[in-house]
């Protein structure tokens, strides 16, 4: 199926009516079978960096953490090679495998699960990372663990649940169509059978952060704009300084990669909603409507930490207080129904990419955990840290610089 | 805020920078403040029937079930009046309350939670229903319960969880933007404080069913098209026969309303994915690629039950086997992360509107529960039944025909 898009597949393969002995070409309402292009909109999979980091934030997230169960290093390598081939296909809007969902033998399980048939690529990106536990010695990687992948400290107020934290491998699938993101994780999980099993997973929506100045800054579930001061995808100097790991940083195999901190942050929505507008703005340090720094008029007006309330969120998180440290954030809003006692089970799945968490997330979160007024309305219930290796060129596979 | 859209609100109210004593008009990237139109795309709230039934299925669902805690009937009526006013505003892309998220007094909690600021109406519909338990006598409604709202029987294989079933009131919020659907349920829940509390809630995505022949039939998480033979929104004769309750049906206050069956159906995804293509198609009774009835070529080819495998899903569910009974289905795909043992916690939130469940859902589900081969891959864990009253005209309120 390597050259056939999901939309074209329907036209070519039509009625795979094997059960009743009918074979014929179906008539479909989707793209004509003569269109050879991969189904747009496509984010290129190959490159110096993995896609899904500086990619303008898509509408939907499906994030999965895996425990590796492969017997040996060869099994881990084979898994990463399968994932690479599948990610190449999926991000181009193609199906998994040679035969996809309906082109294979009738008596075999389909290679692709099929729920994305007729959906285009929807800007799908698949980003893979390695957790600290992968370097525990099972796969001969004990001496390859980057210093920057140091375990996160325990922060004040953390209420972490082990079943929502950690993992050996992660997949961050982002797309503008939730069915496409879900399809990607589901099929990568299938391909992992016998080599890795899902430890936890999280869906999100709504672009809780922006990586482009052209996009309107989205709002989190507190109703505030979130991500105004983000590292922007076209600011190469800032990316090189704050996001991409470099060869001289201590782990050469990570050059061109980045470190991802993922935090499952639940919001105490009902308490927040009973707080006055003034209190909300003092806690955040910005106005709710425009998102301007308090005392200023516009969202993009300069934010001068010393002008803001001492324990306000944006003052405490400001780079000036942390040696200029910045992160590229691309978190998502989460709502998982109710919490069982009538409250919305909602929050933020915080995703931040950085060159070295010891100089970015860790000091910032330490300050926030200690003093941030917003902390009263937040509960950190999940935490994980990932070394996201560099991107791959055609013919290479994910993690080759570490395991090749 | 009754005449101000969420997009316009930003321009008008801009920086509500009360905390720092600055008042001024903000500059925003959204719709100009001079545009007086409610933000499109808008589905009209008023009408003979509630919106959200025949409305072409939106991309996202947030469904909530509530236990009513109001002290008396007046409290219940006041809640429904508050919900009506809020639904009028929200479905037009406006904020809740007179002052919205940022226009009110600084020392009061904002009337609107604000996370939909800058989002348009996104075809939001809000549909309200009454559960059987509302007619238990607390509110003087014991003799108004429609016969068609008879408790559903227990079906073979049901694994219902009380905390995912039932309720006194429901809100079905559908929109093309998940943040808009979530914002609607959250703000209606706030307005219910002291009168009703969330019992359970479910998010969904992906249009698991179509109510328009022009839309491509969407796929469920088994990878099959789902909803080909649905009642279509423009088929007035079929709607009158199968979907809308009529004055002569036994409960005059329900004339123009409909009965909703909501089922939380979890799919045993991993087992399904290991089943052969032939087996999958025999179980469903349609081809996977095109969605044609087995033995036919195209999705819309006639489906002749006697030509299909005896226990196939579409044969058993076919109206010919149930006295011609049909339902308008508008279910959504659900994925709630993992089930804790490495499997995808995924399924279908089945939503079906009908004139009388005793002649539609009940006999169909009885047949499916007994014989459907697909049942091996399904687990019904939640169930609820709702009398969805008729639509309202300007000046009326939801449920007025029952409680007015």
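Chains as they are written, first to last, in the numbering used here: chain A, 2 to 405; chain B, 2 to 405. All residues carry an ideal CB built from backbone N, CA and C; glycine is no exception.
- [ ] Would you grab the beta carbon distance between residue 50 (chain B) and residue 391 (chain B) for me? Rounded to a whole angstrom, and I think it's under 8 Å.
- [x] Position 49 of the second chain, counted from the start, is the residue given in the question as residue 50 (chain B). Position 390 of the second chain, counted from the start, is the residue given in the question as residue 391 (chain B). About 6 Å; that satisfies the 8 Å criterion.
- [ ] Tell me, please, which residues DSSP counts as bridged to residue 354 (chain B).
- [x] As a first step, residue 354 (chain B) is located in the second chain; it is residue number 353 there, counting from the start. Answer is B:261, B:329.
Task: Which listed residue (B:104, B:147, B:66, B:193) has its alpha carbon closest to that of residue 72 (chain B) - done: Within the second chain, the letter at position 71 stands for residue 72 (chain B). It is B:193 whose Cα lies nearest to the Cα of residue 72 (chain B).
TODO: Tell me, please, whether the CB atom of residue 164 (chain B) is closer than 8 Å to any CB atom in chain A?
DONE: Locating residue 164 (chain B) in the second chain gives position 163, where the first residue counts as 1. Yes - at least one Cβ of chain A is within 8 Å of the one on residue 164 (chain B).
Open item on the list: Please confirm whether residue 341 (chain B) has its beta-carbon closer than 8 Å to some beta-carbon of chain A.
Closed with: By one-based count along the second chain, residue 341 (chain B) stands at place 340. Yes, contact with chain A.
Task: Residue range of the beta strand (DSSP E) that includes residue 239 (chain B) - done: Taking the second chain and counting its residues from 1, one reaches residue 239 (chain B) at position 238. Element bounds for residue 239 (chain B): not the beta strand (DSSP E) but the alpha helix (DSSP H), 237–243.
Task: Proximal chain B residues relative to residue 272 (chain A), where beta-carbon distance stays under 8 Å - done: Translated into the one-based positions of the first chain, residue 272 (chain A) becomes position 271. Near residue 272 (chain A) there are no residues of chain B at all, since even the closest Cβ is about 10 Å away, more than 8 Å.
Open item on the list: Measuring straight from C-alpha to C-alpha, what distance separates residue 217 (chain B) and residue 100 (chain B)?
Closed with: Within the second chain, numbered from 1, the residue matching residue 217 (chain B) stands at position 216. Within the second chain, numbered from 1, the residue matching residue 100 (chain B) stands at position 99. Each residue's alpha carbon lies about 41 Å from the other.
Open item on the list: Alpha carbons only, please: which of B:95, B:322, B:348 is nearest the one belonging to residue 116 (chain A)?
Closed with: In the first chain, the residue the question calls residue 116 (chain A) occupies position 115. Residue 116 (chain A) has its Cα closest to that of B:348, out of B:95, B:322, B:348.
- [ ] Establish whether the CB of residue 337 (chain A) and some CB of chain B are separated by less than 8 Å.
- [x] What you label residue 337 (chain A) is simply residue 336 of the first chain in a count that begins at 1. Taking Cβ atoms only, chain B reaches closer than 8 Å to residue 337 (chain A), which makes this a yes.
TODO: Just the C-alpha distance for residue 95 (chain A) and residue 6 (chain A), rounded to the nearest angstrom, thanks.
DONE: The sequence position of residue 95 (chain A) within the first chain is 94, counting from 1. The sequence position of residue 6 (chain A) within the first chain is 5, counting from 1. For residue 95 (chain A) and residue 6 (chain A), the distance between alpha carbons rounds to 4 Å.
- [ ] Starting from residue 110 (chain B), find everything on chain A with Cβ-Cβ shorter than 8 Å and list it in chain order.
- [x] Here residue 110 (chain B) is taken as the residue at index 109 of the second chain, counted from 1. Residues of chain A passing the Cβ test: 274, 275, 276, 277, 278.
- [ ] Taking the CB atoms as reference points, tell me whether residue 149 (chain B) and residue 260 (chain B) lie closer together than 8 Å.
- [x] Looking up residue 149 (chain B) in the second chain gives position 148. Looking up residue 260 (chain B) in the second chain gives position 259. Yes, they are a contact pair.
Open item on the list: Using the Cβ count rule (16 or more neighbours within 10 Å means buried), how would you classify residue 371 (chain A)?
Closed with: In the first chain, the residue the question calls residue 371 (chain A) occupies position 370. Exposed: under 16 other Cβ atoms inside 10 Å.
Task: Positions along the segment 169–182 of chain B whose CB lies within less than 7 Å of some CB in chain A - done: 179, 180
Open item on the list: Please return the same chain residues whose Cβ sits closer than 7 Å to the Cβ of residue 141 (chain A), not counting the five positions on each side in sequence.
Closed with: Position 140 of the first chain holds residue 141 (chain A). Cβ neighbours of residue 141 (chain A) beyond the five flanking positions: 74.
Open item on the list: Let's test the definition: count the other Cβ atoms within 10 Å of the Cβ of residue 109 (chain A) and tell me whether it reaches 16, buried, or not, exposed.
Closed with: The residue given as residue 109 (chain A) occupies position 108 in the first chain. Residue 109 (chain A) comes out exposed.
Task: Minimum Cβ-Cβ distance from residue 4 (chain B) to chain A less than 8 Å - done: Position 3 of the second chain, counting from 1, holds the residue named residue 4 (chain B). The predicted position of residue 4 (chain B) is uncertain, since its pLDDT is 48 and thus under 50; no value can be drawn from it.
- [ ] Under the assumption that residue 207 (chain A) contacts residue 82 (chain B) (Cβ atoms under 8 Å), give the Cβ distance between them as a whole number of angstroms.
- [x] Position 206 of the first chain, counting from 1, holds the residue named residue 207 (chain A). Position 81 of the second chain, counting from 1, holds the residue named residue 82 (chain B). Between residue 82 (chain B) and residue 207 (chain A) the Cβ distance is about 30 Å, and since that is not below 8 Å, they are no contact.
TODO: Taking the CB atoms as reference points, tell me whether residue 305 (chain A) and residue 47 (chain A) lie closer together than 8 Å.
DONE: Counting from 1 along the first chain, the entry for residue 305 (chain A) is found at position 304. Counting from 1 along the first chain, the entry for residue 47 (chain A) is found at position 46. In this structure, residue 47 (chain A) does not lie closer than 8 Å to residue 305 (chain A) by Cβ.
Task: Span of the beta strand (DSSP E), counted from its first residue to its last, around residue 387 (chain A) - done: On the first chain, position 386 is the one that residue 387 (chain A) refers to. Here the beta strand (DSSP E) through residue 387 (chain A) covers 379–389.
Task: Secondary structure of residue 143 (chain A), DSSP reduced to three states - done: By 1-based counting over the first chain, the position of residue 143 (chain A) is 142. Three-state result, residue 143 (chain A): helix.
TODO: Measure the alpha-carbon distance for residue 155 (chain A) versus residue 380 (chain B) and round it to whole angstroms.
DONE: Residue mapping note: residue 155 (chain A) aligns to position 154 of the first chain, counting from 1. Residue mapping note: residue 380 (chain B) aligns to position 379 of the second chain, counting from 1. Their Cα atoms are separated by approximately 40 Å.
Task: Local conformation of residue 51 (chain A) per DSSP, three classes - done: Looking up residue 51 (chain A) in the first chain gives position 50. Correct three-state label for residue 51 (chain A): coil.
TODO: With DSSP as the reference, label residue 150 (chain B) as helix, strand or coil.
DONE: Position 149 of the second chain, counting from 1, holds the residue named residue 150 (chain B). In this structure, residue 150 (chain B) counts as helix in the three-state DSSP scheme.
Task: Residues in the segment 64–98 of chain A having any Cβ partner in chain B nearer than 7 Å - done: none
Open item on the list: On the DSSP bridge list, what partners appear for residue 6 (chain A)?
Closed with: Within the first chain, numbered from 1, the residue matching residue 6 (chain A) stands at position 5. Its beta-bridge partners are A:95.
TODO: Can you pull the chain A residues whose beta carbon is under 7 Å from the beta carbon of residue 199 (chain B), in chain order?
DONE: Here residue 199 (chain B) corresponds to residue number 198 of the second chain, with the count starting at 1. Here the neighbours are 339, 343.
Task: chain A contact for residue 30 (chain B) (CB, 8 Å cutoff) - done: In the second chain, counting from the first residue as 1, residue 30 (chain B) sits at position 29. The pLDDT assigned to residue 30 (chain B) is 26, lower than 50, so where the model puts this residue is not dependable; a value taken from the coordinates is nonetheless given after this. Residue 30 (chain B) counts as touching chain A.
TODO: Would you kindly report the start and end of the unbroken beta strand (DSSP E) that includes residue 156 (chain B)?
DONE: Your numbering for residue 156 (chain B) matches position 155 in the second chain. No beta strand (DSSP E) contains residue 156 (chain B), which DSSP labels as neither H nor E.
- [ ] Please list, in chain order, all residues of the same chain as residue 351 (chain A) whose beta carbon is under 6 Å from its beta carbon, the five residues on each side excluded.
- [x] As a position in the first chain, residue 351 (chain A) is number 350, starting the count at 1. 264, 266, 332.
Open item on the list: Comparing C-alpha positions only, which one of A:103, A:225, A:80, A:123 sits nearest to residue 172 (chain A)?
Closed with: Taking the first residue of the first chain as position 1, residue 172 (chain A) is located at position 171. Of A:103, A:225, A:80, A:123, the residue nearest in Cα terms is A:80.
TODO: Output, in chain order, the set of chain B residues within a Cβ distance shorter than 8 Å of residue 167 (chain A).
DONE: Start at 1 with the first residue of the first chain, and residue 167 (chain A) comes out as number 166. Per Cβ cutoff of 8 Å: no residues; residue 167 (chain A) is ~14 Å from chain B at best.
Task: Residues bridged to residue 409 (chain A) [DSSP beta-bridge criterion] - done: Residue 409 (chain A) is absent from the model: chain A starts at 2 and stops at 405.
Open item on the list: Tell me the rounded alpha-carbon separation between residue 190 (chain B) and residue 228 (chain A).
Closed with: Taking the first residue of the second chain as position 1, residue 190 (chain B) is located at position 189. Taking the first residue of the first chain as position 1, residue 228 (chain A) is located at position 227. Roughly 28 Å separates the two Cα atoms.
Task: Per-residue contacts from residue 334 (chain A) into chain B (C-beta, under 9 Å) - done: Indexing the first chain from 1 puts residue 334 (chain A) at position 333. Within chain B, the residues near residue 334 (chain A) are 116, 179, 180, 183.
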